[in-house]
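Below: the structure, in structure tokens.
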Amino acid sequence: MKEYLKYLEDSVEKLHREEAELAATHRKDEANLMKIRINIYGICKTVFEAISRQESGEQLKEKYLAKLEEIPRNWEISREKAKQHEDVEKVVTETIKLETVEKIKERFNKIWRAEQ
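Per my numbering, the sequence shown starts with residue 18, numbered consecutively.
Encoded structure:
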């Protein structure tokens, strides 16, 4: 799963560059959204590394995907509450988190299938 770790690391590097460009052009709000994405990639990398130290094969896949389902549950709840309170900023933040983790999950599955 070295390719998957490389994907996570490369994505973080790319997002850091984008965040720096946005910050340099005084686009603070957009830069902050990049920081959210960076944090989600970091969380996923940390979780993957922790599980991969204990598991391999199908157990690794199952436990990691289970975590990628578990982690966003609170974000979904938070987004729904924000919608009820018409907190647009919070809705956007939680949506970014959910979209990012979904993208990461899709890439994990694609790499997993290719390596099997």
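Idealized CB from N, CA, C, for every residue including glycine.
Inset, instruction - Compute the distance between the beta-carbons of K107 and L82, then report whether it is under 8 Å. - result: no
Inset, instruction - Figure out for me which residue from E111, L50 and E79 has the closest Cα to the Cα of W129. - result: E79
Inset, instruction - Between the Cα of K62 and those of H102, K23 and R90, spot the shortest distance and give me the residue it belongs to. - result: Comparing Cα-Cα distances from K62 to each of H102, K23 and R90, the minimum goes to K23.
Inset, instruction - Spell out a yes or no on whether the stretch 62-73 and the stretch 91-106 are touching, meaning 3 or more CB-CB pairs, one atom from each, closer than 8 Å. - result: no
Legend entry - Beta-carbon proximity check, V109 vs I57, cutoff 8 Å: No; because the gap between Cβ atoms is not below 8 Å, this pair is not in contact.
Legend entry - the stretch 35-55 touching the stretch 95-102, judged by at least three CB pairs closer than 8 Å: no
Legend entry - Beta-carbon gap between K114 and I53 smaller than 8 Å: Contact flag set, yes.
Inset, instruction - Report the option in E87, I68 and T42 whose CA atom is closest to the CA atom of M18. - result: Of the candidates E87, I68 and T42, the one whose C-alpha sits nearest the C-alpha of M18 is I68.
Legend entry - Three-state secondary structure (DSSP) of T42: DSSP places T42 in coil when its eight states are reduced to three.
Inset, instruction - Please say whether L39 and E47 have beta carbons closer to each other than 8 Å? - result: Contact flag set, yes.
Inset, instruction - Would you mind reading off the limits of the alpha helix (DSSP H) that contains I94? - result: R90 to Q101
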